[in-house]
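If you use our numbering, the sequence shown corresponds to residues 28 to 362, in order. A virtual CB, placed ideally from N, CA and C, is assigned to each residue, including glycine. Before any comments, here is the structure.
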Amino acid sequence: GTVRKVVTVSAGVAEGNSIRGHTVRIWRLTPSSDGSVVKSELMAQVANDHAGPMRDVVYDPDTRSVYTCSNDGTVKIRSADDGTCNTTLAYPGADRPMFLSLCVVGDWRTKAVIAGGEDGNVVIWDLAQQGANGTNREAQVIAHPGCVWKVAALQSASSDFISACNDGHMRIFTRHASKSAPPSVLASFDQSVSESKTARSNGPSAEEIAKLPQWEMNALTQGRSEGQVQVFNKSGKAIAAQWSAASRTWIEVGEVTGTNANAGTLNGEQYDHVLPIEIDVPGGGIQKLQIGYNNGENPFVTAQKFIDDNMLDQGYLAQIADYIRQRAGDSGPTL
Numbered sequence: 028g029t030v031r032k033v034v035t036v037s038a039g040v041a042e043g044n045s046i047r048g049h050t051v052r053i054w055r056l057t058p059s060s061d062g063s064v065v066k067s068e069l070m071a072q073v074a075n076d077h078a079g080p081m082r083d084v085v086y087d088p089d090t091r092s093v094y095t096c097s098n099d100g101t102v103k104i105r106s107a108d109d110g111t112c113n114t115t116l117a118y119p120g121a122d123r124p125m126f127l128s129l130c131v132v133g134d135w136r137t138k139a140v141i142a143g144g145e146d147g148n149v150v151i152w153d154l155a156q157q158g159a160n161g162t163n164r165e166a167q168v169i170a171h172p173g174c175v176w177k178v179a180a181l182q183s184a185s186s187d188f189i190s191a192c193n194d195g196h197m198r199i200f201t202r203h204a205s206k207s208a209p210p211s212v213l214a215s216f217d218q219s220v221s222e223s224k225t226a227r228s229n230g231p232s233a234e235e236i237a238k239l240p241q242w243e244m245n246a247l248t249q250g251r252s253e254g255q256v257q258v259f260n261k262s263g264k265a266i267a268a269q270w271s272a273a274s275r276t277w278i279e280v281g282e283v284t285g286t287n288a289n290a291g292t293l294n295g296e297q298y299d300h301v302l303p304i305e306i307d308v309p310g311g312g313i314q315k316l317q318i319g320y321n322n323g324e325n326p327f328v329t330a331q332k333f334i335d336d337n338m339l340d341q342g343y344l345a346q347i348a349d350y351i352r353q354r355a356g357d358s359g360p361t362l
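Here it is, written out as structure tokens:
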């Protein structure tokens, strides 16, 4: 039979408050003469050259290269022989998202790398425009209305690709102006992106505020710990209050205005970051959840509470904690 190579990537394991062991492995698969048995042999491996777990891997036969993307917001182009990194493509911004998926499109003249991010952006690096030192000169960013879970090349067109977004839509993108969607479709896409950004930055909606506990009745809501932040409805406005264990009262901090794009309320409590999480459930399907996180908290403690509250598999701990760290960054407390 034919001897083949297989490339695998791993998400790593939790070691204290860090995740290590995310590894690229290249295997040789050798079938027996009758094809009934396949022998696997580890040829090469590279560990921890990404700063976070790897989420996707593809092989491009034109360049004989392996491409990996990671929670660290980078794509690495690797040798298919030993997995070593030749070029790193980084997200073109200060706050790098987790890259969940990638693909390679085009021929040797139009080669491009596409990555989909959990921040709702698709990033395109045109490899034909690389600088002499191997670094990409610039990247194109296409905003989406929500998390981009998957990008894939379309086999029928050398440079077209499709994206799968959290808003339930799949969209095809092309470099050919003759295949562009009608103006009404493009306008609808732009509007959905704009509305999504506005919803994330404007703070709680009137409907969300109406569901909050009334400020006049705050004495009936007891805080769980010193400094806990709770959002109340005060005369139709969302106001944040902080719990004082000494006086056993809520102290008003100010109106929730949505200046932090990730800030929001979850179950009536204000968080510096309210982040979406989707969990695969047995038998197929997706469970859509949200997790609240405040700057300065231990991501592993927050992730563990989230797992306990939602009765999730313990194996998700490292992935959820790393996701929180990537999204929340190292910013200071926000009220």
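Straight-line spacing of the CA atoms in R198 and V212 works out to 11 Å. Assignment of A166 by DSSP, reduced to helix, strand and coil, places it in the strand class. Nearest in C-alpha terms to L316, of all of N322, I306, E324 and N325, is I306. With 16 or more neighbouring CB atoms inside 10 Å of its own CB, N98 falls in the buried class.
Between H171 and S186, the gap from beta carbon to beta carbon reaches 8 Å or more. Assignment of K32 by DSSP, reduced to helix, strand and coil, places it in the strand class. Note on geometry: alpha-carbon atoms of S106 and I141 lie some 19 Å from one another. It is roughly 14 Å from the alpha-carbon of M70 to the alpha-carbon of V36.
By the 16-neighbour rule on beta-carbons within 10 angstroms, A166 is buried. The Cβ atoms of Y320 and L302 lie closer than 8 Å to each other. The segment 78-94 makes contact with the segment 128-136; the number of CB pairs closer than 8 Å reaches 3 or more.
Between M125 and G147 a beta carbon distance of about 12 Å is seen, past the 8 Å cut, so the two are scored as non-contacting. Counting only runs of 4 or more residues that sit fully inside the segment 176-224, no alpha helix (DSSP H) segment turns up.
If you ignore the 5 residues before and after V30, its C-beta comes within less than 6 Å of the C-beta of T57, all in its own chain and listed in chain order. A residue is called buried once 16 or more other Cβ atoms fall within 10 Å of its Cβ, and Q182, having fewer, is exposed. Your pair C192 and E145 does not check out as a contact, with CB atoms roughly 11 Å apart and the cut at 8 Å. In this structure, K238 is the residue among N75, K238 and Q72 with its C-alpha nearest to the C-alpha of N260. In the DSSP assignment, M81 is bridged to S97.
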